[in-house]
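Novice: Structure in structure tokens, see below.
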Amino acid sequence: MGEFLKDLRLAEGRYTGIPKVFRAMQQNGSPEPAFDFNSERTFFRVTLPAHPEYVAISALRDAAHLQAIGDEAGALERLAVLHGALDITRTGLRELLQPTSSQYGFKAKPRIGKDRENNPSR
């Protein structure tokens with residue numbers, strides 16, 4: 001099976017892909033992958049955390065969809081999760097969202113991460 005996946009270029013030889021994963025995640029600013037092994041070392045699991053900006057964009061998209069279908073409470077709940085995930089001030093979150101006349105009701109400005117740069121204590 002492993003050889004078949006290598007032929008399809010969906011897998012690599014032993015250990016050859018791990019440095020590539022670390023390098024790619026470091027280059028795009030993602031958190032480091034986390035490795036989990038059992039005590040007998042018969043398996044391992046790798047967690048590749050999502051980039052913080054992707055998490056924010058995904059939450060905004062979800063909230064916009066919920067608002068568009070009339071689920072205001074769900075949209076606000078999703079934004080509250082975003083607020084906690086980004087650890088930004090309420091003012092920063094308000095600045096991140098701009099009311100618009102679009103069908104979704106708001107639009108994200110490219111400010112993710114700027115709130116912490118301007119206020120390092122947050």
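Once you know that position 29 of the sequence shown is 29 in full-length UniProt numbering, the rest is easy, because the numbers rise by one and skip nothing.
From the three backbone atoms N, C-alpha and C, an ideal C-beta is built for every residue, glycine too.
Where do the N-terminal and C-terminal ends of the beta strand (DSSP E) with Arg-45 fall, by residue?
Specialist: If you number the sequence shown from 1, residue 45 lands on position 45. Secondary structure note for Arg-45: its beta strand (DSSP E) is the uninterrupted segment 44–47.
Novice: Grouping DSSP H, G and I as helix and E and B as strand, with all else coil, what is Thr-100?
Specialist: Translated into positions along the sequence shown, residue 100 becomes position 100. Low local confidence applies: a pLDDT of 48 at Thr-100 is under 50, so the model's placement there is unreliable, with the coordinate-based value given in what follows. In the structure shown, Thr-100 sits in coil (DSSP, three-state: anything other than H, G, I, E or B).
Novice: Quick one: give me the first and last residue of the beta strand (DSSP E) that Asp-71 is part of.
Specialist: Locating residue 71 in the sequence shown gives position 71, where the first residue counts as 1. Unbroken run through Asp-71: none, as it is neither H nor E.
Novice: Assuming Leu-66 contacts Leu-82 (C-beta within less than 8 Å), just tell me the rounded distance between them.
Specialist: Numbered from its first residue, the sequence shown carries residue 66 at position 66. Numbered from its first residue, the sequence shown carries residue 82 at position 82. Contact doesn't hold; Cβ gap of about 12 Å is too wide.
Novice: Per DSSP, Phe-35 is paired with what?
Specialist: On the sequence shown, position 35 is the one that residue 35 refers to. Answer is Val-46.
Novice: Return the residue from the list Gly-74, Pro-33, Lys-20, Gly-17 that minimises the CA-CA distance to Thr-47.
Specialist: The count along the sequence shown starts at 1 and reaches residue 47 at position 47. Nearest C-alpha to Thr-47: Pro-33.
Novice: Enumerate in chain order the residues of its own chain whose CB-to-CB distance from Ser-101 is below 6 Å, with the five nearest sequence positions on each side excluded.
Specialist: Taking the sequence shown and counting its residues from 1, the one referred to as residue 101 is at position 101. Here the model assigns Ser-101 a pLDDT of 42, short of 50, so the residue's position is not dependable and the matter cannot be decided.
Novice: How far does the alpha helix (DSSP H) with Arg-9 in it extend, from its first residue to its last?
Specialist: Counting from one through the sequence shown, the residue named residue 9 turns up at place 9. Counting along the chain, Arg-9 falls outside any alpha helix (DSSP H), and DSSP gives it neither H nor E.
Novice: CB-CB under 7 Å to Arg-45, same chain, minus the five flanking residues each way: which ones, in chain order?
Specialist: Working through the sequence shown from its first residue, we reach residue 45 at position 45. Asp-36, listed in sequence order.
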